[in-house]
Amino acid sequence: MGLDRCRTRCLLVLMENIKSIERFGEPWESKYGKMYPFSVVLENGETVYANAASETPWWGPGSIVEMTVKGETKKGNKKVSFGKPEGVAQPPRPLPSGKSSGNRDEAISLAMVFKIAAERGGAPSESLSLARELWAAFKEFQASPEVLPTSSSEEEAF
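In numbering that gives the first Met the number 0, the protein residues as written are 0 to 157.
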């Protein structure tokens, strides 16, 4: 049965892998709240269109999804919705558009620096001072990982 005859009478559910997503158009109000339109490229190269209730949907690049074909756009493109397949592990949730994983990695690193400094104990000002020294050493290492420092406060911290 072709998609033309399937618009209102049946649903087609497929297991797919998402290659990339991109927001397009402006959010719009539905009976479920604000919806964000996305253009989704599947691993097989096909582009489909889906709405999400958030700017950072649970599905994204690398996600394995149950794709339900809901119909077609006015231009003849597939409109779909995504469900989580039972028993399939999903990759970490994608970051909001415009953010790079470097920002997330840096935030995690900074949190670890503060954790190490706090575990060392002492007055809050000493912990803050140690955190600053560790962060500076981390940034220096990040800039030139192949160059070993001759002496660092990082060694003194342990």
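Beta carbons: idealized from backbone N, C-alpha and C, even for Gly. This one's a predicted model, so the numbers in the text were calculated from it and none came from an experiment.
Identity of the residue in the options nearest residue i by Cα
| i | options | result |
| --- | --- | --- |
| E28 | E118, V47, F140, A51 | A51 |
| S80 | A110, A116, F37, A122 | F37 |
| N76 | Y48, V87, S53, E54 | Y48 |
| E15 | S62, Y31, W57, F23 | S62 |
| P84 | E71, K78, G70, V64 | V64 |
| M34 | E42, V40, G24, R103 | G24 |
| G32 | S126, A110, S53 | S53 |
| K74 | A88, T46, R103 | T46 |
| E42 | L13, A135, K30, E132 | L13 |
N- and C-terminal bounds of the alpha helix (DSSP H) containing residue i
| i | result |
| --- | --- |
| E125 | 123-142 |
Buried or exposed by the 16-neighbour rule on C-beta atoms within 10 Å, applied to residue i
| i | result |
| --- | --- |
| M66 | buried |
| P93 | The predicted position of P93 is uncertain, since its pLDDT is 48 and thus under 50; a value taken from the coordinates is nonetheless stated next. Looking at its Cβ environment, which holds 16 or more other Cβ atoms inside 10 Å, P93 is buried. |
| I20 | buried |
| V112 | buried |
| A130 | buried |
| P123 | exposed |
| G70 | exposed |
| R6 | Reliability fails at R6, whose pLDDT of 48 lies under 50, so the model's placement of it is uncertain and the value that follows must be treated cautiously. The residue in question, R6, is exposed, as its Cβ has fewer than 16 Cβ neighbours within 10 Å. |
Contact under 8 Å by Cβ, residue i with residue j
| i | j | result |
| --- | --- | --- |
| G59 | I115 | no |
| S108 | F140 | no |
| S128 | R119 | no |
Limits of the beta strand (DSSP E) - the one that residue i falls within
| i | result |
| --- | --- |
| N43 | N43 -> no beta strand (DSSP E), and no H or E assigned at all. |
| F81 | 77-82 |
| T67 | 63-71 |
| S29 | 27-29 |
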